[in-house]
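So the structure is just underneath, and the comments pick up after that.
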Amino acid sequence: MRTGSLLAARELSFSYPGSARRILQDINLNLDDGEILGILGESGSGKTSLSLVLAGFERPVSGRVLFRSLSIAQSKNYREYRRSIQYLFQNPRSSVNRYRNIFDIVAEPLSYRGFHKGTREALAAEALKLVGLEYGRWYDYPDQFSLGQLQRICLARAITTRPKLIICDEPFSALDISSRARMEQILVELNKKNGVAFIIISHEPRTLLKLCHKIMALREGRQTDFWYVGQEQSLDDYTEKLIVAEGVRVK
Numbered sequence: 004m005r006t007g008s009l010l011a012a013r014e015l016s017f018s019y020p021g022s023a024r025r026i027l028q029d030i031n032l033n034l035d036d037g038e039i040l041g042i043l044g045e046s047g048s049g050k051t052s053l054s055l056v057l058a059g060f061e062r063p064v065s066g067r068v069l070f071r072s073l074s075i076a077q078s079k080n081y082r083e084y085r086r087s088i089q090y091l092f093q094n095p096r097s098s099v100n101r102y103r104n105i106f107d108i109v110a111e112p113l114s115y116r117g118f119h120k121g122t123r124e125a126l127a128a129e130a131l132k133l134v135g136l137e138y139g140r141w142y143d144y145p146d147q148f149s150l151g152q153l154q155r156i157c158l159a160r161a162i163t164t165r166p167k168l169i170i171c172d173e174p175f176s177a178l179d180i181s182s183r184a185r186m187e188q189i190l191v192e193l194n195k196k197n198g199v200a201f202i203i204i205s206h207e208p209r210t211l212l213k214l215c216h217k218i219m220a221l222r223e224g225r226q227t228d229f230w231y232v233g234q235e236q237s238l239d240d241y242t243e244k245l246i247v248a249e250g251v252r253v254k
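If you count by my numbering, then the sequence shown holds residues 4 to 254, one letter each, in order.
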């Protein structure tokens with residue numbers, strides 16, 4: 004279900020406060036409704052910093068982030084944008100309060116949105132069912148779950164508010180094979196059935212080529228490529244090396 008431009012970056016550059024070093028330099032990208040965009044890069048490439056800027060957690064030093072073609076630098080547009088997105092952090096264990104039960108954790112964002120108790124409970128239950136967490140575990144605590152289970156729980160929390168976009172920072176890197184496969188399946192289902200768009204940050208080209216509609220490659224904060232998966236491409240040597248290192252080919 005793609006109806007137009009959801010998110011875009013225009014000539015985006017970023018440095019951390021007090022540092023003259025540009026972490027990101029002149030980044031351009033676009034994401035339409037219902038698309039999955041992969042951001043590929045090695046450690047230190049700037050991909051997580053880019054995700055934080057796109058999410059509005061960090062401010063660019065130049066350039067713009069556009070939501071529905073409007074700059075999120077304006078407070079009115081930013082508020083609407085923050086209501087429309089969620090962010091999935093790399094380490095799920097550090098993203099939850101270990102002293103709260105799972106059901107309360109998943110329902111928490113709905114409290115901030117002013118939903119009544121009955122609605123909160125219904126939406127939280129729906130999300131937990133969608134990610135495949137059995138009812139008998141809903142009132143357990145985070146320390147009783149594996150990393151793979153916690154990542155699904157964090158995803159359930161993210162989808163309770165019905166976001167248009169979820170930004171995922173290395174969502175599979177800490178997971179075992181079976182947990183990774185289940186997580187990938189859930190993301191694809193959310194995209195196809197619910198029309199949720201995703202930005203997936205990863206150092207693994209094989210994963211992005213399997214899941215994404217298009218991919219952007221980063222090297223030392225600069226964009227080396229932006230391409231649609233499945234189309235004939237002429238890629239930068241650096242991007243080719245990243246992909247060939249995993250034994251996969253780009254069509």
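Using N, Cα and C, we set each Cβ at its ideal position, and we do this for glycine too.
When burial is assigned at 16 or more other CB atoms within 10 Å of the CB, is residue 179 buried or exposed? exposed
Between which two residues does the beta strand (DSSP E) holding residue 89 run? 88-91
State the start and end residues of the unbroken alpha helix (DSSP H) segment that holds residue 26. Here residue 26 belongs to no alpha helix (DSSP H), and DSSP marks it neither H nor E.
Ordered along the chain, which non-local residues of its own chain (more than five positions away) have a Cβ less than 8 Å from that of residue 168? 9, 10, 34, 87, 88, 89, 199, 200, 201 and 202
Euclidean distance between Cα positions of residue 234 and residue 207: 19 Å
C-alpha distance - residue 221 paired with residue 27, whole-angstrom precision: 9 Å
For the region 144-206, which segments carrying the beta strand (DSSP E) assignment without a break, of at least 3 residues, lie completely within its bounds, in sequence order? 168-172 and 200-205
Report the start-end ranges of each beta strand (DSSP E) in the region 56-112 that is 3 residues or longer and not cut off at the edges. 65-70 and 88-91
For the alpha helix (DSSP H) containing residue 133, name the first residue and the last one. 120-133
Please report the straight-line C-alpha distance between residue 72 and residue 142, rounded to a whole angstrom. 42 Å
Go to residue 231, then tell me how far its beta strand (DSSP E) extends in each direction, as first and last residue. 225-231
Which one of 21, 42 and 101 has the shortest CA to CA distance from residue 226? 42
Measure the C-alpha to C-alpha separation of residue 107 and residue 126 and round it to an integer number of angstroms. 12 Å
For residue 85, which residues in the same chain have their Cβ closer than 8 Å to its Cβ, ignoring the five residues on either side in sequence? 59
Pick helix, strand or coil for residue 34, following the three-state DSSP scheme. strand
Going along the chain, which residues of its own chain have a beta-carbon closer than 7 Å to the beta-carbon of residue 18, five neighbours each way excluded? 24, 25, 26 and 64
Where residue 209 falls: helix, strand or coil (DSSP): helix
Span of the beta strand (DSSP E) around residue 221: 217-222
To the nearest angstrom, report how far apart residue 75 and residue 62 are at their CA atoms. 10 Å
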